[in-house]
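Each residue of the sequence shown is one higher than the last, beginning at 3 in the working numbering. Quick reminder that beta carbons are idealized off the backbone N, C-alpha and C, glycines included.
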Amino acid sequence: MQQLKRNKLLYFLMIGVLLTVTSGGLRAQQDSTSRTLAGLNVGAELQPTKNVFLEIDSCRVKIPESKLKRRFTQVEESLVAGLLIGWSPGWLKQSPQPHYVTLQRALGEARSREQSAVRLTASPQMYLKSLENDAAVCRVAAGKQRGSKDSIKTLEGVVDDLNLKFRDCYLHGMGRLVAISVATNKDTAPDAGWTVYFKWITVSDIQTTESAFPTTSTPATGDLPPGIYQLRAQKEDPISGAMLKSETKIVSLDGANSSCELQVP
């Protein structure tokens with residue numbers, strides 16, 4: 003009987019130690035940004051956006067303290083502030099150039115005003131998919147050897163993509179898709195009937211899904227989230243049946259560039 007009591011006591015002591023270690027590990031994986039993000043009270047329509055940012059943030063907190071992590075934090079907080087909190091009325095007139103804002107400041111401004119300047123709406127599914135790509139790439143990069151050149155370069159690419167989205171939100175509106183048209187030309191003459199493909203690219207060898215525009219050229223048109231994309235086109239030769247392929251181009255879609263031309267054979 004005494005042995006049984008000692009075994010039970012030892013069991014509960016072990017459980018207590020495990021819980022202490024686990025909770026300590028969880029706290030070590032959080033900072034003020036993580037806690038503020040987790041505590042944001044959003045409506046059901048914004049919950050999918052918050053969930054994606056929680057995934058991104060779970061990667062960010064694993065990055066060692068560095069200039070890269072500080073920039074990651076600034077960019078993430080600023081984009082979250084725009085998509086999940088909303089900026090103060092007339093922000094663009096007051097500050098024409100994008101500037102970073104902390105979540106705490108954004109929350110403080112939101113509490114001090116009676117209503118948001120712009121009613122927040124759910125981000126389009128394609129926009130969320132783009133953020134999910136950021137989260138996936140970030141997880142892979144964070145899982146590589148810490149501090150390696152490849153890991154740092156990949157994480158910088160994620161931060162650059164988030165920053166591009168932040169700037170677009172600030173200058174053109176929250177979580178929007180950008181209309182883009184892609185012309186296919188043979189020398190200087192339009193050449194129609196090409197299927198144009200786009201793929202969000204990273205600076206690493208991590209592969210992302212390639213998709214086709216809903217219309218063929220020329221031009222092929224569609225709406226994409228702000229980001230950096232690889233574009234190409236192909237079509238079947240009506241005589242030989244061979245698959246013809248265009249040149250491949252990399253474009254940065256940020257509101258300023260909404261058209262592209264591909265040369266075809």
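Checking 9 Å against the spacing of the C-beta atoms, do residue i and residue j come in under that value?
i	j	result
LEU130	VAL54	yes
THR210	VAL139	yes
ASP163	GLY84	no
PHE200	TYR172	no
LEU179	PRO240	no
LEU264	ALA185	yes
HIS174	GLY45	no
With DSSP as the reference, label residue i as helix, strand or coil.
i	result
MET176	coil
TRP89	coil
LEU255	strand
ALA138	helix
GLY234	Rather than Gly, the amino acid found at residue 234 in this sequence is Arg. Three-state result, ARG234: strand.
THR104	coil
THR217	coil
GLY110	helix
ASP162	helix
ASP59	helix
GLY229	strand
Short of 6 Å in beta carbon distance, which residues of its chain neighbour residue i, apart from the five on each side in sequence? Order them along the chain.
i	result
LYS146	SER153
SER183	PRO221, THR223, SER261
GLY195	THR218, LYS237
By Cβ distance, which residues of its chain are closer than 7 Å to residue i, with the 5 residues on each side in sequence left out?
i	result
LEU28	Here LEU28 scores only 36 on pLDDT, less than 50, and its place in the model is too uncertain to base an answer on.
ILE87	ALA108, LEU109, ALA112
LEU42	LYS52, LEU86
ALA144	CYS61, LYS64, ILE65
Return the chain-ordered list of same chain residues with a C-beta closer than 8 Å to the C-beta of residue i, the five sequence neighbours on each side being excluded.
i	result
ARG134	Before going further, note that residue 134 is Glu rather than Arg in the sequence given. If we look at GLU134 and ignore the five residues flanking it on each side, its Cβ neighbours are VAL54, GLU57.
Stretch pair the stretch 56-73 + the stretch 153-164: three plus CB contacts closer than 8 Å: yes
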